[in-house]
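Chemist: Please find one structure pasted underneath; my questions will follow.
Residue numbers (full-length UniProt numbering): 1 to 215.
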């Protein structure tokens with residue numbers, strides 16, 4: 001991102017149209033967002049907003065595009081021969097503090113109490129289900145992407161609701177657990193292959209019927 005910002009700053013002084021190509025898709029996505037807190041990204045955004053002659057484009061990496069290959073070589077050389085740059089390190093709360101910010105975080109902490117290199121083999125859908133970060137009203141409401149955190153059936157629309165109680169997702173229900181066994185319920189739901197497949201189907205259903213589940 002720092003290199004892309006430097007290129008944007010340099011292009012801002014040109015009296016002609018400039019096309020900037022990069023294979024760094026994540027940086028382009030960050031530049032499109034209005035919710036970033038990084039000063040580097042914000043400064044690059046201000047330049048782009050004030051100069052319509054600068055255009056950005058994405059190219060696929062490692063397919064033999066000459067300019068992109070040269071940029072990769074120069075980037076590698078800069079790691080040993082370049083000018084050192086100092087970047088501020090963001091202050092982050094402890095992992096334990098992050099976990100404890102919500103009930104779902106506490107559950108996830110109970111399932112995965114420490115960082116490990118061991119793969120969980122969770123699908124994208126299972127990850128959304130376990131973290132609560134998906135097309136759930138309870139999650140979307142936090143970011144003002146949904147007017148309420150209620151499901152169309154009238155209850156709070158969180159993953160557990162759709163997996164056990166919601167009448168709109170009856171075909172994908174897991175057997176509901178009593179509160180004292182909820183951690184074991186989550187462990188089973190995310191470790192048993194058949195349960196994971198059912199969860200995948202549930203999240204896919206929610207994604208394709210988003211209007212149905214909203215209140």
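We treat Cβ as the ideally placed atom computed from N, Cα and C, and that holds for glycine.
#1: On the premise that residue 31 lies in contact with residue 49, defined as a C-beta separation below 8 angstroms, what is that separation, rounded to the nearest angstrom?
#2: When you compare only the Cα positions, how much space is there between residue 97 and residue 179?
#3: What separation, rounded to the nearest whole angstrom, lies between the Cα atoms of residue 212 and residue 69?
#4: In or out: residue 62 buried (at least 16 other Cβ within 10 Å) or exposed?
#5: Please go through the same chain and pick out, in chain order, the residues whose beta-carbon is closer than 6 angstroms to the beta-carbon of residue 95, but skip the five residues on each side of it.
#6: Output the residue ranges of the alpha helix (DSSP H) runs that lie fully inside the UniProt domain "RNase H type-1" (1 to 80) and measure 4 residues or longer, sorted by chain position.
#7: Would you grab the beta carbon distance between residue 4 and residue 19 for me? Rounded to a whole angstrom, and I think it's under 8 angstroms.
#8: Taking only the alpha-carbon atoms, compute the straight-line gap between residue 160 and residue 117 and give it to the nearest angstrom.
#9: Please name the residue in 67, 22, 26 whose C-alpha comes closest to that of residue 55.
#10: For residue 163, collect the residues of the same chain with a Cβ closer than 8 angstroms to its Cβ; drop the 5 residues on either side in sequence, then sort them by chain order.
#11: Can you tell me where the alpha helix (DSSP H) holding residue 213 begins and where it ends?
#12: If you measure between the beta carbons of residue 136 and residue 154, is that distance less than 8 angstroms?
#13: Taking C-beta to C-beta, are residue 185 and residue 177 nearer than 8 angstroms?
#14: For residue 27, which option in 15, 13, 42, 209 has the closest C-alpha, if you only look at C-alpha atoms?
#15: What three-state label does DSSP hand residue 144 in the structure shown?
#16: Taking the alpha carbon of residue 127 as the point to measure from, which residue in 196, 142, 138 has its own alpha carbon closest?
#17: Which same chain residues end up closer than 6 angstroms to residue 123 when comparing Cβ atoms and leaving out the 5 residues on each side of it in sequence?
Modeler: Taking the definition as stated:
#1: The C-beta separation of residue 49 from residue 31 comes to about 10 angstroms, leaving the pair out of contact by the 8 angstroms criterion.
#2: Low confidence applies to residue 97: its pLDDT is 44, below 50, so where it sits in the model is not reliable, and the reading given next is rough at best. Roughly 23 angstroms separates the two Cα atoms.
#3: Between residue 212 and residue 69, the C-alpha separation is close to 48 angstroms.
#4: The residue is exposed, with fewer than 16 neighbouring Cβ atoms inside 10 Å.
#5: The predicted position of residue 95 is uncertain, since its pLDDT is 47 and thus under 50; a value taken from the coordinates is nonetheless stated next. Cβ-Cβ distances below 6 angstroms link residue 95 to nothing in the same chain once the five nearest sequence neighbours on each side are left out.
#6: Listed in chain order, the complete alpha helix (DSSP H) runs (minimum 4 residues) inside the UniProt domain "RNase H type-1" (1 to 80) are 2 to 11, 25 to 32, 39 to 50.
#7: No, residue 4 and residue 19 are not in contact; Cβ-Cβ is about 13 angstroms, not under 8 angstroms.
#8: Whole-angstrom Cα-Cα distance: 27 angstroms.
#9: Considering only alpha carbons, the answer is 22.
#10: Non-local C-beta neighbours of residue 163 in its own chain, meaning closer than 8 angstroms and more than five positions away in sequence, comprise 129, 169, 172, 173, 174, 189, 199, 202, ordered along the chain.
#11: It spans 210 to 213 - the alpha helix (DSSP H) in which residue 213 sits, taken as one unbroken run.
#12: Using a Cβ distance threshold of 8 angstroms, residue 136 and residue 154 do not count as a contacting pair.
#13: In this structure, residue 177 lies closer than 8 angstroms to residue 185 by Cβ.
#14: For residue 27, the nearest C-alpha among the options comes from 42.
#15: Coil at residue 144, not helix or strand.
#16: Looking at the Cα atoms, 196 is the closest of the given residues.
#17: These residues qualify, in order along the chain: 200.
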